[in-house]
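Visitor: Let me give you the structure first, and then I'll get to my questions.
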Amino acid sequence: MAPGFHVGVILQITLSVTIIDNTLRFMGARAMPATPLITYETVASAAEALREEGKTPSVRLVKRYLGGGSPNSILKHLSDWKAGRPLIRVSEIDIDDTVIDGIRQQMARVAEGAAKGAEERAAGVEEDLRTVSEALHEAEQRIQALETELAQAREATQTAEREGQKIGEMAEHDARKAAQALEVAHSRLQEERERGDTARQDLAQAQVRLEQLPALQDEVKTLRAALAQEQQARQQAEKEKAVADTRAADVIETRDSLKTQAESLRSDLDTLKEEARIMAKESKKEISELRQALNETQQARYKLESELARLSK
Numbered sequence: 003m004a005p006g007f008h009v010g011v012i013l014q015i016t017l018s019v020t021i022i023d024n025t026l027r028f029m030g031a032r033a034m035p036a037t038p039l040i041t042y043e044t045v046a047s048a049a050e051a052l053r054e055e056g057k058t059p060s061v062r063l064v065k066r067y068l069g070g071g072s073p074n075s076i077l078k079h080l081s082d083w084k085a086g087r088p089l090i091r092v093s094e095i096d097i098d099d100t101v102i103d104g105i106r107q108q109m110a111r112v113a114e115g116a117a118k119g120a121e122e123r124a125a126g127v128e129e130d131l132r133t134v135s136e137a138l139h140e141a142e143q144r145i146q147a148l149e150t151e152l153a154q155a156r157e158a159t160q161t162a163e164r165e166g167q168k169i170g171e172m173a174e175h176d177a178r179k180a181a182q183a184l185e186v187a188h189s190r191l192q193e194e195r196e197r198g199d200t201a202r203q204d205l206a207q208a209q210v211r212l213e214q215l216p217a218l219q220d221e222v223k224t225l226r227a228a229l230a231q232e233q234q235a236r237q238q239a240e241k242e243k244a245v246a247d248t249r250a251a252d253v254i255e256t257r258d259s260l261k262t263q264a265e266s267l268r269s270d271l272d273t274l275k276e277e278a279r280i281m282a283k284e285s286k287k288e289i290s291e292l293r294q295a296l297n298e299t300q301q302a303r304y305k306l307e308s309e310l311a312r313l314s315k
């Protein structure tokens, strides 16, 4: 360990003692505010407890000992502790000047002992560096997974739009065909009705003529045969109309069903679009947060590497 490192540790501890001295003089025995979860005192206490248990303090072990906390905050305080910063707890006590002088002398001795243990604490920096690297790798994988999910959602939205458009076009085509078939059937029925009326008129005229002119019986028979044919044709046309009406009803029912399906698909498409939009918004937000955490982790990694390089000198 370089002599300059020991001197820096002693100066840091002396500065801490001076700050405590001034705090005690101005605040007296005033109660201290509530200590947050992640502070230098809590991290240093956890590190010393782990060391007493025979374990090498690390970010992961300290976080588990404290029951949570930000790895970056823990890393900062743990690095200070490993660099030799002493753990000093100020209770609600009344300390006079003679005791403070004794504390200064004692802290000087503690500084020398802390400098000797700094080399042992530096060994944990490599493990902290590995922990930060693992967190960095996990963040990068999460970003890639979110980008993949976003691409899949966009592809599903485009597919649903194409399917909905295709079903709508099919329904309109079937409806047009049904309307055309129904119009043709009505036209044929009207023509057959007109032919039947004409045949009945001809038959009536022939009967009158038959009564007046018996010689026209053959013509009457011919007209009756024609009337029978026209009646058969009309019946056939009515049957075809009934079939056409049934088919038209089926086509209309199918068209309505297809329209309902198309509306349902459009509703599902709108829902999918909204979900994709929300997912994209949340994914962008989470990606931004992960990238921010990634930057913080990289900064912590650079700090650890710098600290490791400094300790290795």
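Heads up: the sequence shown at position 222 corresponds to 224 in our numbering, and the numbers run straight through without jumps. Ideal Cβ positions, reconstructed from N, Cα and C, are used throughout, including at glycine.
1. Determine the direct distance from the alpha carbon of residue 85 to that of residue 105, and round the result to whole angstroms.
2. Using a 10 Å radius around the Cβ and a threshold of 16 neighbouring Cβ atoms, would you call residue 312 buried or exposed?
3. Are the C-beta of residue 40 and some C-beta of chain D separated by less than 8 Å?
4. Considering only the alpha carbon of each residue, which of 254, 133, 302, 144 lies closest to residue 61?
5. When you compare each of 315, 308, 300 to residue 140 by their alpha carbons, which one comes out closest?
6. With 16 as the cutoff for other CB atoms within 10 Å, does residue 243 come out buried or exposed?
7. Closest by CA to residue 158, which one among 64, 273, 207, 307?
8. Can the beta-carbon of residue 253 be found closer than 8 Å to that of residue 176?
9. Look at the alpha carbon of residue 72 and the alpha carbon of residue 65, and state the distance between them as a whole number of angstroms.
10. I'd like the ranges of any alpha helix (DSSP H) spanning at least 4 consecutive residues and lying wholly in the stretch 29-79.
11. Beta-carbon within less than 6 Å of residue 75's beta-carbon, same chain only, minus the 5 sequence neighbours each way: which residues are those?
12. Taking a contact to mean a Cβ-Cβ separation below 8 Å, would you say residue 46 touches residue 67 in this structure?
13. Nearest-angstrom Cα distance between residue 44 and residue 78?
14. Comparing C-alpha positions only, which one of 269, 288, 309, 295 sits nearest to residue 167?
15. What's the C-alpha gap between residue 256 and residue 203?
16. Between 286, 281, 275, which lies nearest to residue 163 when the distance is taken from Cα to Cα?
Guide: Checking against the coordinates, here is how it stands:
1. Taking the first residue of the sequence shown as 1, we reach residue 105 at position 103. Taking the first residue of the sequence shown as 1, we reach residue 85 at position 83. So the alpha carbons of these two residues sit roughly 21 Å apart.
2. As a first step, residue 312 is located in the sequence shown; it is residue number 310 there, counting from the start. Exposed is the call here.
3. Looking for chain D here will not work: only one protein chain is present.
4. As a first step, residue 61 must be located in the sequence shown, where it is residue number 59. Among 254, 133, 302, 144, the Cα nearest to that of residue 61 belongs to 133.
5. Locating residue 140 in the sequence shown gives position 138, counting from the first residue. It is 300 whose Cα lies nearest to the Cα of residue 140.
6. Within the sequence shown, the letter at position 241 stands for residue 243. With 16 or more Cβ atoms within 10 Å of its Cβ, residue 243 is classed as buried.
7. Taking the first residue of the sequence shown as 1, we reach residue 158 at position 156. Nearest C-alpha to residue 158: 273.
8. Here residue 253 refers to the residue found at position 251 when the sequence shown is read from its first residue. Here residue 176 refers to the residue found at position 174 when the sequence shown is read from its first residue. Contact flag set, yes.
9. What you label residue 72 is simply residue 70 of the sequence shown in a count that begins at 1. What you label residue 65 is simply residue 63 of the sequence shown in a count that begins at 1. Rounded to whole angstroms, residue 72 to residue 65 spans 8 Å at the Cα level.
10. 42-54, 61-68
11. The count along the sequence shown starts at 1 and reaches residue 75 at position 73. Closer than 6 Å at the Cβ level, and outside the excluded window around residue 75, lie 40.
12. One-based indexing of the sequence shown puts residue 46 at position 44. One-based indexing of the sequence shown puts residue 67 at position 65. It is not a contact, given that the beta carbons lie outside the stated cut-off.
13. One-based indexing of the sequence shown puts residue 44 at position 42. One-based indexing of the sequence shown puts residue 78 at position 76. Each residue's alpha carbon lies about 12 Å from the other.
14. Taking the sequence shown and counting its residues from 1, one reaches residue 167 at position 165. Among 269, 288, 309, 295, the Cα nearest to that of residue 167 belongs to 269.
15. The residue labelled residue 256 in the question sits at position 254 within the sequence shown. The residue labelled residue 203 in the question sits at position 201 within the sequence shown. Near 43 Å, if we compare the C-alpha coordinates of residue 203 and residue 256.
16. Numbered from its first residue, the sequence shown carries residue 163 at position 161. Among 286, 281, 275, the Cα nearest to that of residue 163 is on 275.
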